[in-house]
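S.K.:
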Amino acid sequence: MNKTDLSDIYRNYIACLNQQDWPRLEQFVRDDVHYNGQRIGLSGYREMLERDFREIPDLQFNIELLVSDPLFIASRLHFTCAPTGTFLGLPVNGKKVSFAENVFYRFREGKIEQVWSVIDKAAIETQL
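Residue numbers for the sequence shown, in full-length UniProt numbering: 1 to 128.
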């Protein structure tokens, strides 16, 4: 798989998330996916995303930076949204906030196998 193919797969994956097309998620994510070092599997990954969209009704993933290698994607995602209630332990309670997520993915056979994610919680804290 070359860099362009992997970038296209990733962009389609992000579109899948933004459309909340959960049945299509299996086209992009392996059954044995790991998230931040923990094996959560495809069902756990889907549950995490569904929960995110319930808690953040206006959630949209926006690619700000994308670097592709034959097996890896590095991406900086940007969000402007209004999480309901508590988010990352912070009392956001519907206030619109902007923040970034730096995320790395390892692919195997064209699907996401590992995800390492860090959200810029400090950016949210300064806005509250």
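Cβ coordinates follow ideal geometry from the N, Cα and C atoms, glycine included.
Assess, as a yes-or-no matter, whether the region 28 to 35 is touched by the region 108 to 127 under the definition of 3 or more beta carbon pairs within less than 8 Å.
M.R.: Output reads yes: the region 28 to 35 touches the region 108 to 127.
S.K.: Do the CB positions of Ile124 and Leu90 come within less than 7 Å of each other?
M.R.: Yes, the pair counts as a contact, with Cβ atoms nearer than the cut-off.
S.K.: What's the gap between the Cα of Glu64 and the Cα of Glu101?
M.R.: Near 10 Å, if we compare the C-alpha coordinates of Glu101 and Glu64.
S.K.: Express the C-alpha separation of Ala15 and Glu50 in angstroms, rounding to a whole number.
M.R.: Whole-angstrom Cα-Cα distance: 15 Å.
S.K.: Assuming Thr80 and Ser68 form a contact by the criterion Cβ under 8 Å, report the distance between their Cβ atoms to the nearest whole angstrom.
M.R.: Their Cβ separation, rounded to whole angstroms, is 25 Å, which puts Thr80 and Ser68 out of contact at 8 Å.
S.K.: Should Leu88 be labelled buried (16 or more other beta-carbon atoms within 10 Å of its own) or exposed?
M.R.: Its Cβ having fewer than 16 others within 10 Å, Leu88 is exposed.
S.K.: Within the same chain, show all residues whose beta-carbon is closer than 7 Å to that of Ala74, passing over the 5 residues directly before and after it, in chain order.
M.R.: Only Val67, Phe104 meet the Cβ criterion.
S.K.: Enumerate in chain order the residues of its own chain whose CB-to-CB distance from Arg76 is below 6 Å, with the five nearest sequence positions on each side excluded.
M.R.: Excluding residues within five positions, the ones whose Cβ falls inside 6 Å are Glu64, Leu65, Ala100, Asn102.
S.K.: Could you tell me whether any non-hydrogen atom of the ligand NAD is closer than 6 Å to the CB of Asn36?
M.R.: By its list of ligands, the structure shown contains no ligand whatsoever, and the ligand NAD lies outside what it can speak to.
S.K.: Does Leu128 pass the burial test, meaning 16 or more other C-beta atoms within 10 Å, or should it be called exposed?
M.R.: Answer is exposed; the Cβ neighbour count stays below 16.
S.K.: With distance defined between alpha-carbon atoms, name the residue in Arg54, Arg11, Leu6 nearest to Gly94.
M.R.: Taking only the C-alpha atoms, the option nearest Gly94 is Arg54.
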